[in-house]
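Asker:
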Amino acid sequence: MLPEIGHFALILALTLALAQGVFPLLGAARGDPAWMRVARTTALGQFLFIALAFGALVNAFVSNDFSVLYVASNSNSSLPLQYRIAATWGGHEGSMLLWVLILAGWTVAVSRFSRHLPEDFVARVLGVLGLVSAGFLAFLLFTSNPFLRLMPAPADGRSLNPLLQDIGMVLHPPMLYMGYVGFSVAFAFAIAALLSGRLDAAWARWSRPWTTLAWAFLSLGVALGSLWAYYELGWGGWWFWDPVENASFIPWLVGTALIHSLAVTERRGAFKGWTVLLAIFTFSLSLVGTFLVRSGVLTSVHAFATDPARGSFVLVFLGVVVGGALLLFASRAHRIGLGGRFDPVSRESMLLLNNVMLAVAAGSVLLGTLYPLVLDALAAGKISVGRPYFEAVFIPLMAPAMFLIGVGPMAHWKKTSLPDLAIRLRWAFAVGLVTALLVPFAMGGWSTPVSLGILLAAWIVTSSLAGLLERLRQSRHSMGILAGLRSNSRSYYGMLLAHIGIAVFIAGATLVRGYETDKEVRMSVGDSVEVGGYSFRLDRIFEVPGPNYIAQRGEVSVSRNGRAVTTMYPEKRNYGEQKNPMTEAAIDWGFVRDLYVSFGERLDPTTWAVRIYHKPFVEFIWVGWLLMALGGLLAVFDRRYRIAAREPQPAPAPAMLQFDAGVAGAR
Amino acid sequence: MKTQFASRTALERAQRALRMLLAAALLALVPIAGSAKTALPLAADPALELRMMNLAEVLRCLVCQNQSLAESNAELAVDLRNEIREQMRRGASDQDVVDYLVARYGDFVLYRPPLKGSTLLLWSGPGILLLFGIGLLTRTIVRRRGLMQKAPLDAAARARAQELLGVSGAKESS
Chain S
0 MLPEIGHFAL
10 ILALTLALAQ
20 GVFPLLGAAR
30 GDPAWMRVAR
40 TTALGQFLFI
50 ALAFGALVNA
60 FVSNDFSVLY
70 VASNSNSSLP
80 LQYRIAATWG
90 GHEGSMLLWV
100 LILAGWTVAV
110 SRFSRHLPED
120 FVARVLGVLG
130 LVSAGFLAFL
140 LFTSNPFLRL
150 MPAPADGRSL
160 NPLLQDIGMV
170 LHPPMLYMGY
180 VGFSVAFAFA
190 IAALLSGRLD
200 AAWARWSRPW
210 TTLAWAFLSL
220 GVALGSLWAY
230 YELGWGGWWF
240 WDPVENASFI
250 PWLVGTALIH
260 SLAVTERRGA
270 FKGWTVLLAI
280 FTFSLSLVGT
290 FLVRSGVLTS
300 VHAFATDPAR
310 GSFVLVFLGV
320 VVGGALLLFA
330 SRAHRIGLGG
340 RFDPVSRESM
350 LLLNNVMLAV
360 AAGSVLLGTL
370 YPLVLDALAA
380 GKISVGRPYF
390 EAVFIPLMAP
400 AMFLIGVGPM
410 AHWKKTSLPD
420 LAIRLRWAFA
430 VGLVTALLVP
440 FAMGGWSTPV
450 SLGILLAAWI
460 VTSSLAGLLE
470 RLRQSRHSMG
480 ILAGLRSNSR
490 SYYGMLLAHI
500 GIAVFIAGAT
510 LVRGYETDKE
520 VRMSVGDSVE
530 VGGYSFRLDR
540 IFEVPGPNYI
550 AQRGEVSVSR
560 NGRAVTTMYP
570 EKRNYGEQKN
580 PMTEAAIDWG
590 FVRDLYVSFG
600 ERLDPTTWAV
610 RIYHKPFVEF
620 IWVGWLLMAL
630 GGLLAVFDRR
640 YRIAAREPQP
650 APAPAMLQFD
660 AGVAGAR
Chain V
0 MKTQFASRTA
10 LERAQRALRM
20 LLAAALLALV
30 PIAGSAKTAL
40 PLAADPALEL
50 RMMNLAEVLR
60 CLVCQNQSLA
70 ESNAELAVDL
80 RNEIREQMRR
90 GASDQDVVDY
100 LVARYGDFVL
110 YRPPLKGSTL
120 LLWSGPGILL
130 LFGIGLLTRT
140 IVRRRGLMQK
150 APLDAAARAR
160 AQELLGVSGA
170 KESS
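For the record, the sequence lines run as chains S and V. If you use numbering that gives the first Met the number 0, the first sequence closes out at 666, no skipped numbers anywhere. If you use numbering that gives the first Met the number 0, the second sequence closes out at 173, no skipped numbers anywhere.
(1) Select from S:L484, S:A278, S:R266, S:W458 the residue whose C-alpha is nearest the C-alpha of S:W412.
(2) I think S:A324 touches S:I190, with their Cβ atoms under 8 Å apart; what is that distance to the nearest whole Å?
(3) Taking 9 Å as the CB-CB cut-off, is V:K36 touching chain S?
(4) Here's a check: name, in chain order, each residue in its chain whose Cβ is nearer than 6 Å to the Cβ of S:L170, leaving out the five neighbours to either side.
(5) Return the chain-ordered ranges of every beta strand (DSSP E) run that is complete within the stretch 73-137 of chain S and spans a minimum of 3 residues.
(6) Identify whether S:W458 lies in helix, strand or coil by the three-state DSSP scheme.
(7) In this structure, how does DSSP classify S:V531 when only helix, strand and coil are distinguished?
(8) To the nearest angstrom, how far is it from the Cα of S:A8 to the Cα of S:A52?
(9) For the stretch 133-143 of chain V against the stretch 392-411 of chain S, are there 3 or more C-beta pairs whose distance is under 8 Å?
(10) What is the residue span of the beta strand (DSSP E) that S:M522 lies within?
(11) Opposite S:P573 in the DSSP bridges: which residues?
(12) Which whole-angstrom value is the C-beta distance of S:V530 and S:I611, which I expect to be below 8 Å?
(13) Are at least three pairs of beta-carbons, each pair with one atom in the stretch 471-490 of chain S and one in the stretch 434-453 of chain S, less than 8 Å apart?
(14) For the stretch 371-394 of chain S, which residues have a CB atom closer than 7 Å to at least one CB atom of chain V, in sequence order?
(15) When you check each C-beta in the stretch 417-437 of chain S against every C-beta of chain V, which residues fall closer than 8 Å?
(16) Given S:D165, which residues of its chain have a CB within under 7 Å of its CB, disregarding the five upstream and five downstream residues?
(17) Go ahead and label S:G20 buried or exposed: buried means 16 or more other beta carbons lie within 10 angstroms of its beta carbon, across all protein chains shown.
(18) On the CB-based measure, 16 or more other CB atoms within 10 Å of its CB, does V:G126 come out buried or exposed?
(19) S:I586 by DSSP, collapsed to three states: which one?
(20) Between which two residues does the alpha helix (DSSP H) containing S:A379 stretch?
(21) Flag this pair as yes or no: are the beta carbons of V:L109 and V:V97 separated by less than 9 Å?
(22) Return no unless some Cβ of chain S is closer than 9 Å to the Cβ of V:V141.
(23) Would you mind telling me which residues of chain V sit closer than 7 Å to S:G362, beta carbon to beta carbon, in chain order?
(24) At 9 Å on the CB atoms, spell out the chain V contacts of S:D526, in chain order.
(25) Which one of S:L159, S:T211, S:H6, S:S446 has the shortest CA to CA distance from S:L257?
(26) What do you reckon, are the CB atoms on S:T368 and S:A203 nearer than 9 Å?
(27) Which stretch, first to last residue, makes up the beta strand (DSSP E) that contains S:T605?
(28) Using a Cβ-Cβ cut-off of less than 8 Å, list which residues of the stretch 86-101 of chain V approach chain S; keep chain order.
(29) Can you tell me where the beta strand (DSSP E) with S:V564 in it begins and where it stops?
(30) For S:V373, count the other beta carbons within 10 Å of its own beta carbon; 16 or more makes it buried, fewer makes it exposed. Which is it?
(31) Give every residue of the same chain whose Cβ lies closer than 6 Å to the Cβ of S:R39, excluding the five residues on either side of it in the sequence, and list them in chain order.
(32) Roughly how many angstroms lie between the CA atoms of S:R601 and S:G553, to the nearest whole one?
(33) If I measure Cβ to Cβ from S:A18 and keep anything under 8 Å in the same chain, skipping five residues before and after, which residues do I get?
(34) If contact means a Cβ-Cβ distance below 9 Å, which residues of the stretch 496-526 of chain S contact chain V?
(35) Any idea which residues DSSP pairs S:D526 with across the strands?
(36) With contact counted as at least three CB pairs below 8 Å, one residue from each stretch, are the stretch 492-505 of chain S and the stretch 632-639 of chain S in contact?
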């Protein structure tokens, strides 16, 4: 019964989404407040019905209702409760339902926290979100209904892929979707701005916290995915340039460009057209990501679905969204205007250069991801594009952008002087250079790539600190250091934190690449091996029953210079229904190094192939991403967005900017 | 740059492996009291193994879902690793091994696609994008600069606009 209620709830949600998409947009166009007010009510209603449907599906999983086809194919009764809940989004249908749930959640949040915005603008934003939601709900109901029954019901279900039975599965997809879907809000704001002709600094200020929030979630999602792959896949890598990883990384890159471009639009009124385009592209690339993962065009660990109907639906939907948005953009482009003026050497132009680099990098990753598919579709041969290609292309493109992180925030708006910048940054550069020269030796041997990576990382940190010091020095005359620190905005500290996060990430990625050591050995009980200055001894192997598997668990005691460090327990798990045993690596997490022990094959009854890694500073990679996400969050809570919330302001800026636009247009 | 990087770490690893072997050899000379013994490398020849794995990292496991030959434990991957090892032992260079695999499985086995007609756009694409981006950037900046210099001169347009806004020109000039 409950699954049918869930199904009906989805149908009702679709009708509400259509109402939310149609009436507010028409109402805003006709200036009819009653029609505009439909938006908030339908948004809430839609959310409640989708939540009901989602609850019904979760309940089917929790109560092991195998008469539901989707439950039977993704869960079984021996699965522990938390993974039964996570199995809700372990397959295609459920993850789409999670997607629309999150979209409805963002929509309600926007309707709730946008009371200070003009009513017609909110109506348009919610209307666009309603249309997007209607598209996805139709996709669910017509091609991927999770509530289909299976008669007669099997006694037990197929299991969730053991790789997915992990806390990562509980956290990673919701976080990633929060980011993906969050960009639909940026998209809706952009479309609403185009529709209403309000492409101005005020629009940028309204849109900015939402965009930054989505970006922070996406950062967390990407980082969690990488961390999960690192500890679960058992070969110790943290990024594989897998098409599915790229599908989340490309929107991240364009989203990063977008939050920087929005900064210029808010502060200086410039790049309006570019910002709108980026907002459209970020969301479109999130849809492309969905298409890639969900249509089954990829063969990779993440692609669960293979059904052409789904692929074509998403492709058509993508065409409508991108095509419609770009047509609208083209029809309004002449009215956008240029906004604030700036010199070739200014903070604006540096941010523009950063945008170009990020966009080119995103385009290149997209090219490398799609190229083999296109070639295959054209029957022009099968090729593989992997790590060697992406690293050869991505690193040289990103390195200059990373260098700019140090310069851009120190540059003045409108016009800045290069010699002046050089003087202000000379100490930062000197310290960075010395660090880059010393670190490789401290780590155990010169390596040019490592030194270059460390130079970038150190440069970002020192130049960020130089910027902070400069601000403090300027304010010191009037107040103390604490007051000086407090006088900077949260978004400034958010930016610092995110930039330092990039530096930490670069340092981690560089050091682990340069100084990682590993050994693959055959071990019987009593054997020991030395890796990275640590001695690993296999003390015993014993069998441990898990909730739905049997594990061979090894006990490995680790010592350094004769002193015990830790005991590690790598496992090899046999899930009954799976032929191959799964590797569960043991990791001793540490700030400056990870020790990573992973069982390979059993060579004979008492001997195992064991792979042991010493990974210096590998955790800096995820700490860096976490700092980026935290920086984003800090910026979202900047006071000025709340001040705007308290006093609805007519904003004097737009009038002037429109005047500018008019003059520009007249020429 | 990348290959340099790889070979350097490879060298380091090889040196370390050699040191370990020396240490192991020395240990073998000393009569060992306890039962603890040093685990033997899985591979008979660690230096060769390292070379094999470095190559296998940029080759695709053909039956896997986007895993390299080095990462995969699929039967085919194990067989191919044995094949590569065997060929290397017989003195084949990395290029010989790659040629052999490409002849057998096609370009699909290479994670670094070869430069040829069908991949021309793949390899030149990033460069083209970059040139296009820089071109667009330069155009935008030059256009802005023109605006910056022209703006104060265009008094007529300004006066007309101010007239429309109801601001008197006299006030403006004072």
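A virtual CB, placed ideally from N, CA and C, is assigned to each residue, including glycine.
Answerer: To lay it out plainly:
(1) S:R266
(2) 6 Å
(3) yes
(4) L223
(5) none
(6) helix
(7) The sequence shown places Gly at residue 531 of chain S, not Val. S:G531 falls in the coil class under three-state DSSP.
(8) 6 Å
(9) no
(10) 516-523
(11) The sequence shown places Asn at residue 573 of chain S, rather than the Pro named in the question. Bridge partners of S:N573: S:I549.
(12) 5 Å
(13) no
(14) L374, A379, G380, K381, I382, S383, V384, G385, R386, P387, Y388, E390, A391, V392
(15) none
(16) W227, E231
(17) buried
(18) exposed
(19) strand
(20) Neither: S:A379 is in no alpha helix (DSSP H) and is coded neither H nor E.
(21) yes
(22) yes
(23) L128
(24) A35, K36, T37, A38, L39
(25) S:T211
(26) no
(27) No beta strand (DSSP E) holds S:T605; DSSP gives it neither H nor E.
(28) none
(29) 562-567
(30) exposed
(31) S110
(32) 12 Å
(33) V37, T41, G129
(34) R512, G513, Y514, E515, T516, D517, K518, E519, V520, R521, M522, S523, G525, D526
(35) V:K36
(36) yes
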